[in-house]
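K.L.:
Here the sequence shown is numbered in my numbering, starting from 27 and rising by one per residue. Cβ atoms here follow ideal geometry from the backbone N, Cα and C, with glycine treated the same way. Here it is, the structure, as structure tokens.
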Amino acid sequence: MENLGKHVPIPLYFQIKTRLLELIENGQFKPGDQVPSERELTERFSVSRMTARQALTELESQGYLYRIQGKGTFVATPKLEQPLAGLTSFTEDMRRRGLAPGARVLTAQEAPAGKKAAKLLGIAETATIFRLERLRLADGEPMALETSHIPVALCPGLLEADFRDQSLYRILAERCDTRLVKADQSLEAVPATAYDAEMLHVREGTPLLLMERVSRDASDKPVEFVRSLYRGDRYRFTTELIRREESL
Ligand code: GLP
């Protein structure tokens with residue numbers, strides 16, 4: 027790595043971060059490789075320990091590096107690229123990438139819909155919904171925390187299904203002949219709460235991507251309202267943009 031520019035108006039930590047990032051992006055540092063420690067960076071660039079730490083911490087919080095206590099800092103596997111356009115399930119998304127989808131069921135219960143779910147699903151607040159909270163896994167690694175709400179009247183008996191290794195979309199299709207054909211979805215950044223952080227194996231306050239989806243069947247009836255918290259350090263959402271008309 028070249029020396030830093032000490033007389034340029036670019037913070038030293040940022041210059042170190044950029045150097046490391048270049049080495050990761052052009053493959054000189056590969057996933058799983060150990061990167062120089064704080065102490066090594068301090069000596070290599072004649073900077074303070076704090077400056078070296080800031081470079082590593084930023085790369086870590088952006089998902090390029092991960093730390094193992096007592097062992098060092100390593101290059102993370104690249105983020106999963108997730109196109110935003112298709113109405114797909116987590117199971118399909120993971121299988122397409124050759125990863126094994128899985129889930130830990132945190133809650134599976136029937137309960138009154140409550141205000142928000144009722145409004146989005148077009149049902150009474152007192153109507154019963156099936157509420158399913160799952161930690162979604164890819165090859166055993168936590169990727170997202172997901173809470174689905176489905177009116178029980180649309181698909182009774184979901185409580186009996188085993189959601190540890192089965193797709194909700196598949197169960198809806200097989201048990202209730204319900205196929206989701208379109209959805210409205212929003213995406214926003216939120217900081218991880220202590221609970222989210224513990225479940226997703228990230229630090230409290232790490233940016234997560236909150237996705238809310240209301241999916242409908244062919245008759246336009248809302249079937250599910252889902253709140254998904256994706257790990258911001260493991261996902262990169264992509265979308266194709268098409269310019270429809272000149273408006274200049
Ligand atoms: C994704 C979506 C959810 C959807 C889920 C279904 O994770 N964000 O809105 O409910 O897929 O996944 P599966 O059919 O694998 O249970």
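With a cut-off of 8 Å on the beta carbons, I'd call Val-228 and Ala-218 a contact; round off their distance for me.
P.N.:
Confirmed, about 6 Å.
K.L.:
Start and end of the alpha helix (DSSP H) containing Gln-41?
P.N.:
38-51
K.L.:
Where does Asp-259 land, buried or exposed, given buried means 16+ other C-beta within 10 angstroms?
P.N.:
The residue is buried, with at least 16 neighbouring Cβ atoms inside 10 Å.
K.L.:
For Val-252 and Asp-210, which I take to be in contact (beta-carbon distance under 8 Å), what is that distance rounded to the nearest angstrom?
P.N.:
Not quite, the Cβ-Cβ distance comes to about 11 Å (not below 8 Å), so this is no contact.
K.L.:
With distance defined between alpha-carbon atoms, name the residue in Pro-57, Gln-60, Gln-88 and Arg-65 nearest to Thr-44.
P.N.:
Gln-88
K.L.:
On a CA-only basis, which of Arg-201, Asp-191, Met-169 and Arg-196 is nearest Cys-181? Give me that one, please.
P.N.:
Arg-201
K.L.:
Considering just the uninterrupted stretch of the beta strand (DSSP E) at Ser-87, what are its terminal residues?
P.N.:
That residue, Ser-87, is in no beta strand (DSSP E); its alpha helix (DSSP H) goes 75-87.
K.L.:
Have a look at the DSSP bridge pairing and note the partners of Ile-155.
P.N.:
Ala-137 and Pro-177
K.L.:
With a threshold of 7 Å (Cβ to nearest heavy atom), would Leu-110 be considered close to the ligand GLP?
P.N.:
no
K.L.:
Tell me whether Phe-156, by its Cβ, gets closer than 7 Å to a heavy atom of the ligand GLP.
P.N.:
no
K.L.:
Closest by CA to Ala-78, which one among Tyr-90, Arg-65 and Glu-86?
P.N.:
Arg-65
K.L.:
Run the CB neighbour count on Gln-95, radius 10 Å, all protein chains shown included, and call it buried at 16 or more, exposed below.
P.N.:
exposed
K.L.:
CB of Ala-170 to nearest heavy atom of the ligand GLP: below 7 Å?
P.N.:
yes
K.L.:
Return the chain-ordered list of same chain residues with a C-beta closer than 8 Å to the C-beta of Leu-38, the five sequence neighbours on each side being excluded.
P.N.:
Leu-30, Lys-32, Phe-71, Val-73 and Thr-77
K.L.:
Thinking Arg-130 and Leu-161 are a contact (beta carbons under 8 Å), I'd like their distance in whole angstroms, please.
P.N.:
Leu-161 and Arg-130 do touch by the CB rule: their CB atoms are close to 4 Å apart, below 8 Å.
K.L.:
Which residues in the same chain have their Cβ closer than 7 Å to the Cβ of Gln-80, if we skip the five residues on either side of it in sequence?
P.N.:
Tyr-39
K.L.:
Please say whether Glu-266 and Ala-143 have beta carbons closer to each other than 8 Å?
P.N.:
no
K.L.:
Say the cut is 7 Å; is the CB of Ser-254 nearer than that to a heavy atom of the ligand GLP?
P.N.:
yes
K.L.:
Would you call the stretch 96-106 and the stretch 134-142 in contact, with 3 or more CB pairs under 8 Å?
P.N.:
No, because fewer than three Cβ pairs between the stretch 96-106 and the stretch 134-142 fall closer than 8 Å, the two stretches do not touch.
K.L.:
So Phe-100 is in the beta strand (DSSP E); what residue range does that whole segment cover?
P.N.:
98-101 is the span of the beta strand (DSSP E), which, as asked, contains Phe-100.
K.L.:
Can you give the Cα-Cα distance for Glu-186 and Ile-197, rounded to whole angstroms?
P.N.:
11 Å
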